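Presented below is the structure to which this report refers.
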Amino acid sequence: MSVVPALAAVRTLARADWVPLAQAHAAQADALTAGRRERASRGERHAIEDFLYEYYATKPSHLRRWHPGVGVALQDADEHADWRFYWTSGRRTIVDVEAFMDARASTVGYVETLLKRTATRTASFGCFGLHEWAMVYRMDGDDRRHPLPLRLGAAATDAVVESHPIRCTHFDAFRFFTPEAAPLNELLPTRETQPAMEQPGCLHANMDVYKWALKLTPAVPSSLVLDAFQLALDVRRVDMQASPYDVSSYGLEAIAIETPAGKREYVERQREFAERGAAVRDRLLEAITALRDADSRH
Numbered sequence: 368m369s370v371v372p373a374l375a376a377v378r379t380l381a382r383a384d385w386v387p388l389a390q391a392h393a394a395q396a397d398a399l400t401a402g403r404r405e406r407a408s409r410g411e412r413h414a415i416e417d418f419l420y421e422y423y424a425t426k427p428s429h430l431r432r433w434h435p436g437v438g439v440a441l442q443d444a445d446e447h448a449d450w451r452f453y454w455t456s457g458r459r460t461i462v463d464v465e466a467f468m469d470a471r472a473s474t475v476g477y478v479e480t481l482l483k484r485t486a487t488r489t490a491s492f493g494c495f496g497l498h499e500w501a502m503v504y505r506m507d508g509d510d511r512r513h514p515l516p517l518r519l520g521a522a523a524t525d526a527v528v529e530s531h532p533i534r535c536t537h538f539d540a541f542r543f544f545t546p547e548a549a550p551l552n553e554l555l556p557t558r559e560t561q562p563a564m565e566q567p568g569c570l571h572a573n574m575d576v577y578k579w580a581l582k583l584t585p586a587v588p589s590s591l592v593l594d595a596f597q598l599a600l601d602v603r604r605v606d607m608q609a610s611p612y613d614v615s616s617y618g619l620e621a622i623a624i625e626t627p628a629g630k631r632e633y634v635e636r637q638r639e640f641a642e643r644g645a646a647v648r649d650r651l652l653e654a655i656t657a658l659r660d661a662d663s664r665h
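Per the working numbering, the sequence shown runs over residues 368 to 665.
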């Protein structure tokens, strides 16, 4: 690391200033993850919320760690000194941009390209969440991803799939379609075409902003990661409310997308998430710009 440029270009926070920020962040993270931690202590599982921890491979302890992001030096921060991608000079500890980019440059480039392309694409609101229905189409109950009953039963669920056009743009949803459902999709998303197909109206694309923020930790501020997590949690709940599963056991009402009223409600929520997702996505792109600017000074 180039010592002089790295420290000359950052803002320094005294310990008395940054510790309250870290404590407030930990308290916010604890509030958001309380359910997961309580269930874990009892050996219980939540078919809706636990998806965020399992699919995105994170723990509550990861979320409560506070990172200021690039461009901020912490004074007397022994707690951070041994964390990966941090570097200490004298009494100041900062994110080691050079080491981070050496290890994650390709990830940074991919995420930046994907987010920029998603942000410029016109949002589509005509999928009605049928990806979850396609994941159980003509499937035996024992093979379903979630241990919940189908709200309409198997035959009626299959009928919904067969009576609607399927327009899923998101590869990580499409790849879980049953073999019988995959040919029904009007599109053929692949991992390679993901940057070309991702669009801001997709619930899963907005949920994945959390994934990208995690992959860029600790180079992005933890406040951004928690906001992305909150968005992902809200999206996940609606995703399952609109699914074929009966989620009433979790105190949630179904969004009956097989009806005109349910379709209207789904699109309304979809538009709301597109707006929220755009704001978080823009902040993540700003963090990537700050990371690249800091890297260019080395």
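No residue lacks a Cβ here, since even glycine has one placed at the ideal position from N, Cα and C.
Since the structure is predicted, the reported quantities are computational estimates derived from the model, not experimental observations.
Contact under 7 Å by Cβ, residue i with residue j
i: Leu-482; j: Ala-580; result: no
i: Pro-556; j: Phe-541; result: yes
i: Asp-671; j: Arg-518; result: In this structure the chain extends from 368 to 665, so residue 671 is not present and cannot be described.
i: Tyr-617; j: Ile-624; result: no
i: His-484; j: Gln-566; result: Note that residue 484 is Arg in the sequence shown here, rather than His. No, these two residues do not count as a Cβ contact at 7 Å.
i: Val-682; j: Ala-586; result: This structure gives no information on residue 682, because the portion of the chain shown stretches from 368 to 665.
i: Glu-446; j: Ser-610; result: no
i: Gln-608; j: Leu-619; result: yes
i: Asp-606; j: Val-647; result: no
i: Gly-324; j: Phe-495; result: Any property of residue 324 remains undetermined from this structure, which presents the chain solely from 368 to 665.
i: Leu-551; j: Ile-533; result: yes
Whole-angstrom C-beta distance between residue j and residue i, which should lie under 8 Å
i: His-537; j: His-513; result: No, His-537 and His-513 are not in contact; Cβ-Cβ is about 18 Å, not under 8 Å.
i: Trp-433; j: Ser-589; result: 5 Å
i: Glu-547; j: Tyr-504; result: 6 Å
i: Asp-662; j: Glu-465; result: 7 Å
i: Tyr-577; j: Tyr-422; result: With a Cβ gap of about 10 Å, Tyr-577 and Tyr-422 do not count as contacting.
i: Arg-431; j: Asp-397; result: 6 Å
i: Ile-655; j: Val-527; result: No, Ile-655 and Val-527 are not in contact; Cβ-Cβ is about 40 Å, not under 8 Å.
i: Arg-403; j: Glu-416; result: 7 Å
Bridge partner(s) assigned by DSSP for residue i
i: Arg-459; result: Gln-442, Ser-456
i: Arg-451; result: Paired residues: none, contrary to the question.
i: Leu-517; result: Tyr-612
i: Thr-379; result: Ala-440
i: Ile-533; result: Asn-552
Beta-carbon proximity list for residue i, same chain, < 6 Å, skipping 5 on both sides
i: Asn-573; result: Val-602, Phe-640, Gly-644
i: Leu-658; result: Val-437, Ala-586
i: Pro-372; result: Low confidence applies here, because Pro-372 scores a pLDDT of 44, under 50, leaving its location unreliable; read the following figure in that light. Cβ neighbours of Pro-372 beyond the five flanking positions: Arg-664.
i: Trp-385; result: Leu-441
i: Arg-511; result: Val-503
i: Met-564; result: Thr-536, Pro-556
Same chain, Cβ closer than 7 Å to residue i, five either side skipped, listed in chain order
i: Met-368; result: Here the model assigns Met-368 a pLDDT of 45, short of 50, so the residue's position is not dependable, and the following value carries that caveat. Closer than 7 Å at Cβ, skipping near neighbours: Trp-454, Asp-463, Glu-465, His-665.
i: Thr-379; result: Ala-440, Gln-442, Arg-459
i: Leu-584; result: Sequence inspection shows Thr at residue 584; the Leu mentioned does not correspond to that position. So the qualifying residues of the chain are His-434, Val-592.
i: Ser-395; result: According to the sequence as given, residue 395 is Gln; it is not Ser. Excluding positions up to five away in sequence, the list reads Leu-593.
i: Thr-524; result: Trp-500, Val-503, Leu-517, Pro-611
i: Arg-604; result: Ile-415, Leu-619
Cut-off 8 Å between Cβ atoms - residues of its own chain near residue i, not counting five sequence neighbours on either side
i: Thr-545; result: Ala-501, Met-502, Val-503, Tyr-504, Arg-505, Met-506
i: Ser-615; result: Ala-621
i: Leu-598; result: Asn-573, Met-574, Val-576, Tyr-577, Phe-640, Arg-643, Gly-644, Val-647
i: Leu-399; result: Leu-430, Leu-593, Phe-596, Gln-597, Leu-600
i: Ala-486; result: Pro-567, Ala-645, Arg-648, Asp-649, Leu-652
i: Thr-425; result: Leu-419, Leu-581
Any non-hydrogen atom of the ligand HEM within 6 Å of residue i CB
i: Val-527; result: Annotation note on the ligand HEM: not contained in the displayed structure, which lists no ligands.
Please specify which runs of the alpha helix (DSSP H), each continuous and at least 4 residues long, are wholly inside the region 548-611, giving them in chain order. 561-564, 570-582, 589-608
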